[in-house]
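End of the sequence shown = 814 in the working numbering, gap-free, step of one.
Reading through the structure tokens given below for one structure.
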Amino acid sequence: MIVAAGRLGPAFYLAGDSFPDDVGVERALAPRLSPHLGGWIGQEALVAAGGRFDPDIAARAAQLEAMLPEGPALSRIVLIGRSSGARVVTQVACRRPVLAVICLGYPFRRPGAAEDPERYAHLAHLAVPTLILQGKHDAYGTPEVARGLCLSPSIRLEPLEADHRLRLASPGWDAACRLIRAFCGMAVHGLTG
């Protein structure tokens, strides 16, 4: 599905806690997605606006919310997050009705730690169309782990042949970005539910 970029606002991208080490994910996404979206505001721009990268989820959510537009423009925004950035964008989307949310490697659980429902409980109530691209070998939760949780019907889960770091070759990124573009197109036309 082709989407006119004018029908979409900019995408806001939030990296994981390993930023700037995970900058390769944004570098793979931005050139493939920004021509199809209404622009790109990446993690480095968010850091520049906020002064530094703060790994605290609540602080990052407040920073993102302060940058989002008010009024009808909000309904054209796409939020994209990798790992802890996915936690941030989904929490913000629970409060701010953006067009769509894209999660890459959602951290459903911390490897080796006890289950922590605070990481994912809000996903049961998320009303915004959300696409989670989850690695089949993700130590923070495979697609099978995610399917065992109570997730909102607005969430679509797609497996990737990847681990949590999302080390994909170029064809893998091409395929992931085709899924993202198609999902955003369906969100524009109200076809994701």
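For each residue, glycine too, the CB sits at the ideal point set by N, CA and C.
Beta-carbon separation (whole angstroms), residue i vs residue j, contact threshold 8 Å
i, j, result
"Leu747", "Ile801", "Between Ile801 and Leu747 the Cβ distance is about 17 Å, and since that is not below 8 Å, they are no contact."
"Gly726", "Ala636", "Not a contact, Cβ separation roughly 11 Å."
"Ala714", "Leu700", "6 Å"
"Ile698", "Gly630", "4 Å"
"Val809", "Arg628", "5 Å"
"Ala734", "Leu772", "About 21 Å separates the two Cβ atoms, so there is no contact after all."
"Glu779", "Lys757", "In fact, because the Cβ distance is near 11 Å, the residues do not count as touching under 8 Å."
Same chain, Cβ closer than 7 Å to residue i, five either side skipped, listed in chain order
i, result
"Cys798", "Leu650, Arg653, Leu654"
"Ala682", "Val709, Gln712, Val713"
"Trp794", "Ala649, Arg653"
"Gln664", "Tyr634, Leu635, Ala636, Phe640, Glu647"
"Tyr741", "Phe729, Leu770"
"Pro764", "Gln755, Lys757, Leu778, Pro780"
"Arg768", "Leu778"
Closest Cα partner of residue i within the set the options
i, options, result
"Asp759", "Ser775, Ala735, Glu736, Arg731", "Arg731"
"Pro774", "Arg703, Ala796, His743, Glu691", "His743"
"Phe729", "Leu667, Pro718, Thr711", "Thr711"
"Leu787", "Ser639, Ile698, Glu691", "Ser639"
"Gly645", "Ser791, Cys805, Phe674", "Ser791"
"His657", "Glu765, Ala632, Ala783", "Ala632"
"Asp737", "Val719, Pro764, Ala721, Leu770", "Leu770"
"Leu695", "Leu720, Ala783, Glu665", "Leu720"
"Asp642", "Ile776, Phe674, Gly659", "Phe674"
"Gly702", "Glu647, Gly659, Arg740, Gln684", "Glu647"
"Asp677", "Asp795, Ser704, Arg777, Asp784", "Ser704"
"Pro693", "Gly660, Cys805, Pro718", "Pro718"
Close-in-space but distant-in-sequence residues of the same chain around residue i (CB under 6 Å, 5 per side omitted)
i, result
"Arg716", "none"
"Ala625", "In this predicted model, Ala625 has a pLDDT of only 46, less than 50, meaning its place in the structure is not dependable enough to derive any value."
"Leu789", "Ala783"
"Gly811", "none"
8 Å Cβ shell around residue i - same chain, five flanking residues per side excluded
i, result
"Gly762", "Tyr727, Pro728, Phe729, Arg730, Gln755"
"Met688", "Phe633, Ile662, Leu667, Ala670"
"Gln684", "Leu667, Ala670, Gly671, Asp675"
Beta strand (DSSP E) segment containing residue i, residue limits
i, result
"Gly702", "699-703"
"Phe633", "632-635"
N-terminal and C-terminal residue of the alpha helix (DSSP H) that residue i is part of
i, result
"Ala649", "644-654"
At which residue ranges does the stretch 738-798 contain complete beta strand (DSSP E) runs of 3 or more residues, listed in the order of the chain?
751-756, 776-781
Which complete alpha helix (DSSP H) runs does the stretch 666-729 hold, if anything under 4 residues is left out?
678-688, 705-716
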